Structure formats: C-alpha cells, structure tokens
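Numbering (UniProt numbering), first residue to last: 1 to 133.
Note that beta-carbon positions come from the ideal geometry of N, C-alpha and C, so glycine has one too.
In this text the structure is predicted, and so the values were computed from the model without any measurement.
To start, the structure itself, in structure tokens.
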Amino acid sequence: MPLFPTVETRLELRKTGSQSLLRTMNMKTTTMASSPPLSKLTSLQLVEMDDLETLPEEGLSNLTSLQVLEIVKCSRLASLSAVRNLHSLQKLDILECPQLNDRCRKGKGEDWPNISHVPEIMLDGRAFKWGLE
1 MPLFPTVETR LELRKTGSQS LLRTMNMKTT TMASSPPLSK LTSLQLVEMD DLETLPEEGL
61 SNLTSLQVLE IVKCSRLASL SAVRNLHSLQ KLDILECPQL NDRCRKGKGE DWPNISHVPE
121 IMLDGRAFKW GLE
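Rendered as structure tokens:
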C-alpha cells in the first residue's frame, strides 16, 4: 500500500528524513493505472528535512504535473540539479536553505542552469520572475 494513498494534488513532507522522501518519490502503483502514483501532484512542500542533501532525481521525474515546489529550512540541501527535469514547474520557493543561496544566484550560481526555466523563483523572499529581478 502506498505511503500516502489519498494524495491527489498537494503533498507536504515536514520534519521527516530524506529516506521518507525517497520512498515516497519512488513508490509504485498497486493498481492497473498507467501513470505513476504521484503524476497528478501539482504542489510539493519539503519542510525541515535536516538530512536532505540533494533531491532524488529519479523520483522527481515522476512528478510530471508539478507546478509548485517549496523548500523550507532544509539546511543541508546543497543541490537542485533534479529540478531541471521538472518541465511543468511554474514556481520554486526556497526559504532558509543557506547552502542554496549562492548556488541559485541568477546567472552566476551553479544551480542557475537547473532552475532558470522556472517562471517564478523566490529565494529567501526575493523574487525572480520571468528573468527579471
């Protein structure tokens, strides 16, 4: 049985370990459905996941409808390379993730090429929208 059998469009993972995120992203469908279990998810919020260092690339690729990704107080998160595969993403909100501040700097950060396709980016309250600061 899936970890979150009733999840349709929004999922919040708060104060849980990165292994829970990995298991959730990689869960298999138990029915004859042709789409991955989280393919309808439009909003994902990751809050205070202290041991999260990177986002699971394979699992995130199943989130084909994801429009909003919020990452809050994930102090060890050091890379957003998996975001480059989230083609439906419209908003990326990063708050209090110190290792991502320089990496996500517009035009200069190591992760900028991975997130620059997202129309609206919020980094610690500062907005980058459609390429404008």
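Check: Are the Cβ atoms of E57 and S81 separated by less than 8 Å?; Outcome: yes
Check: Among T16, D124, R10, L66, which has the Cα closest to the Cα of Q99?; Outcome: D124
Check: What does the alpha-carbon distance come out to for the pair T54 and I94?; Outcome: 14 Å
Check: Can you check whether the CB of L92 is closer than 8 Å to the CB of L69?; Outcome: yes
Check: For V72 and Q45, I'd like the C-alpha separation in whole angstroms.; Outcome: 8 Å
Check: Which residue from E96, E48, Q90 puts its Cα closest to that of S20?; Outcome: E48
Check: If you draw a straight line from the C-alpha of F128 to the C-alpha of D111, how long is it?; Outcome: 14 Å
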